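Accompanying notes for the structure given below.
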Amino acid sequence: MRLQGKVFKYGDNVDTDVIIPARYLNSSDPAELARHCMEDIDKDFAKKVKDGDIIIGGRNFGSGSSREHAPLAIKTAGISCVIAKSFARIFYRNSINIGLPILVSEEAAENIEAGSEIEIDLDTGIIKDLGTGKTYQADPFPEYMQELIKAGGLIEKVKKEVLG
Amino acid sequence: MGMTMVEKIIAAHTDYDTVKPGQIVNARVDMVLGNDVTAPVAIKEFEKIGIDRVFDKDRIALVPDHFTPNKDIKSAEHAKMVREFAWKYNITYYFEIGQMGIEHCLLPEKGLALPGEIIVGADSHTCSYGALNALATGVGSTDIAAAMATGRLWFRVPETIKFVYSGKLNPWVGGKDLILYTIGDIGVDGALYKAMEFTGEVIENLSMDGRMTMSNMAIEAGGKCGLIACDEKTREYLKDRAVRDYTPYNSDPDAEYAQVIEYDVSKIEPQVAFPHLPENTRPVSEAGHIKVDQAVIGSCTNGRIEDLRIAARILKGKKVHRDVRCIIIPGTQAIYKQAVQEGLAEIFIDAGAVVSTPTCGPCLGGHMGILAKGERAISTTNRNFVGRMGHPESEVYLASPAVAAAYAIKGYIAHPEEVL
Ligand code: SF4
């Protein structure tokens, strides 16, 4: 699968409280959550983001609370993939479970600039900066997670297991 | 080669005899937890599976604690959704207002988190029960939907970092200071994907409440769990509580660790974590003259009886500074009752603090003490992220109940000794 979009870039330790502040957690409506995504560090994010765009973060992206509202808000806002130097573990599993593609690439996260147009091949993990022509190789997913992604997320996988 | 406790616990919940760090396994879980923020999302996912039963009605706990007693109509609707789910599936451990408490204070108190178990909660501070030798870890809502349906979940076996604490604790230094100091040392991703194991004479001598404070904040270093060996103290704590039999797992002497980190605690003084990361710690003597507007004493980190006793020792016979709002939140109904019986509640009220019913409330900027633009709080909670307790331009300083209480009297961040 190929993804293409413009890069929104943030620093290290982007936590789930800034991805979706707790004051909006009295809602679990994905569209409502998406309207407030990232607003404490990037006020106009929800207005600027277009379908397919890509977030690049630094170290420990998605740290903090277990709120699945965070990857859900990012996904519903139209983001097609998050690339980071590393992900906090609950955010990592939540993203995989709900089918938000995430890639770990120290180099891509370091070098690709905000506003760049990039292309991602999810099958190979190759990230291409369309402006500079440079490519980066993201870490491959372990086999178990590839299966989970192929199944369409955790609930789809469980459905098959439980209902045969 | 020996195994660490986390490896043993995971292996015991699979068909494997041994497991290795990095391996991904599908393991049985002993307890599944959700709250009023995360369970509604889980319930929606659960319903997509299309089954009409949960895996075990005695192994699910639902605790509405974040925005309860309901702070507004939307949160009331979430709480209602959780309640109706609990009724529909006859969930044994659903805790209604009047029975509830902050989930991570409540589950240990009710004997629902036991040594050697795997407990998954759609709340990051589920790691608190590591103090009881449980592999307890925060997961997402979809995870608990799957776990409620099947009683199983996927896990990556983590490497373990062993922390050894030795030496004599200084006065007013407790579990909170030890864990803040540790996070200050290794950083907020210092234990990313890893299990933390807290060991040494200091941990052995620490109370169960103090141990839970430490395990509670393992996630603030990125850890999957913060485990402590099961000992006499653990067994004593569980004696009249445990709802099931349990098998503890302690690490083998020749277990392999990713890292061993040793601390001499006699060098540690009360700690304060500055905005906006728990790793921004400083000894209180180097905090400078910081004026704050609000003190919060409570939460799953420090809302237990020992915490309230410490705060009361400092506040007794004194008055909260006139520029300060001091909010005290016992973690559960039982802790609340004990605080009343021991006369702590009276000390707080006489000092000019408010004592609230158990709730997460201000800890996550929910209700009961939200900060305005430019305001600061000192708080015994566990996170000081941007906007955590209110306005994005407000600030949170993390500390122990002793330091928070001392501040409440002084009006600026102070060492507890300065007020006694
Ligand atoms: S007290 Fe705070 S950290 Fe603990 S469960 Fe509640 S919101 Fe989370």
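Which chain is which? The protein sequence lines are Z and E, in order.
Take 1 as the starting number for the first sequence in my numbering and just add one per residue.
Take 1001 as the starting number for the second sequence in my numbering and just add one per residue.
Ideal Cβ positions, reconstructed from N, Cα and C, are used throughout, including at glycine.
Keep in mind it's a predicted model, so treat the numbers as computed, not measured.
- Burial state of Lys-1020 of chain E is exposed, judged by a 10 Å Cβ sphere holding fewer than 16 other Cβ atoms.
- Between Ile-1091 of chain E and Ile-1060 of chain E, the gap from beta carbon to beta carbon is short of 8 Å.
- Val-1188 of chain E sits buried, since 16 or more C-beta atoms from the chains shown fall within 10 Å of its C-beta.
- Proximity of Arg-35 of chain Z to chain E, defined by a Cβ-Cβ separation below 8 Å, is not satisfied.
- The shortest C-alpha to C-alpha distance from Phe-1198 of chain E to any of E:Thr-1150, E:Ile-1261, E:Tyr-1246 is the one to E:Ile-1261.
- According to DSSP, Arg-1376 of chain E shares a beta bridge with E:Glu-1395.
- Contact annotation: Thr-1004 of chain E and Ala-1195 of chain E have beta-carbon atoms nearer than 8 Å.
- Contact annotation: Phe-91 of chain Z and Ala-70 of chain Z have beta-carbon atoms nearer than 8 Å.
- At least one beta carbon of chain Z lies nearer than 8 Å to the beta carbon of Pro-1040 of chain E.
- Going by DSSP, Glu-119 of chain Z is part of the beta strand (DSSP E) stretching over 117-121.
- The beta carbon of Lys-75 of chain Z sits closer than 6 Å to the beta carbons of Leu-100 from its chain, once the five residues preceding and following it are set aside; these are given in chain order.
- Residue state for Phe-1055 of chain E is assigned as coil, using DSSP reduced to three classes.
- With 16 or more other Cβ atoms inside 10 Å of its own Cβ, Pro-1358 of chain E counts as buried.
- In this structure, the C-beta of Thr-1381 of chain E approaches the ligand SF4 to less than 7 Å from one of its heavy atoms.
- Assignment of beta-bridge partners to Val-7 of chain Z by DSSP yields Z:Ile-54.
- DSSP lists no bridge partner for Leu-1106 of chain E.
- Around the Cβ of Ala-1414 of chain E, a 10 Å sphere holds 16 or more other Cβ atoms; the residue is buried.
- Residue contact with chain E for Ile-155 of chain Z: present (Cβ-Cβ distance below 8 Å to some residue of chain E).
- When 7 Å is used as the limit between beta carbons, Trp-1154 of chain E is near these residues of chain Z: Tyr-144, in chain order.
- Annotated as distal: Thr-1038 of chain E and Ala-1145 of chain E, with beta-carbon spacing of 8 Å or more.
- Considering only beta carbons, the part of the segment 1067-1082 of chain E lying closer than 8 Å to chain Z consists of Phe-1067, Lys-1071, Asp-1072, Lys-1074, Ser-1075, His-1078, in chain order.
- The segment 1331-1341 of chain E and the segment 1250-1264 of chain E do not touch, with fewer than three beta-carbon pairs separated by less than 8 Å.
- A straight-line Cα-Cα distance of about 46 Å links Glu-1007 of chain E and Lys-1373 of chain E.
- If you check the C-beta of Asp-1056 of chain E against the ligand SF4, you find no heavy atom less than 7 Å away.
- Boundaries of the alpha helix (DSSP H) around Asn-111 of chain Z: 106-111.
- Within chain E, the C-beta atoms nearer than 7 Å to that of Ser-66 of chain Z come from Thr-1038, Ala-1122, Asp-1123, Ser-1124, Gly-1138, Val-1139, Gly-1140, in chain order.
- Within the segment 17-29 of chain Z, the residues whose Cβ lies closer than 7 Å to some Cβ of chain E are Asp-17, Val-18, Pro-21, Ala-22, Arg-23, Leu-25, Asn-26, Ser-27, Ser-28, listed in chain order.
- Interface flag for Gly-1130 of chain E against chain Z is unset, since no Cβ pair is found closer than 8 Å.
- Going by C-alpha positions, Gly-1116 of chain E is about 47 Å away from Lys-6 of chain Z.
- Here the segment 1274-1294 of chain E makes no contact with the segment 1144-1158 of chain E; the two share fewer than three CB pairs at distances below 8 Å.
- C-alpha of Glu-1306 of chain E to C-alpha of Leu-25 of chain Z: approximately 31 Å in a straight line.
- The three-state secondary structure of Ile-98 of chain Z, taken from DSSP, is helix.
- Taking every protein chain shown into account, the CB of Val-1340 of chain E has fewer than 16 other CB atoms within 10 angstroms, so this residue is exposed.
- Using a Cβ-Cβ cut-off of 7 Å, Arg-1388 of chain E is close to Asp-17 of chain Z, given in chain order.
- Within the segment 1192-1228 of chain E, the complete beta strand (DSSP E) segments of 3 residues or longer fall at 1195-1199, 1225-1227, listed in chain order.
- Distances between the C-beta of Glu-68 of chain Z and the heavy atoms of the ligand SF4 are all 7 Å or more.
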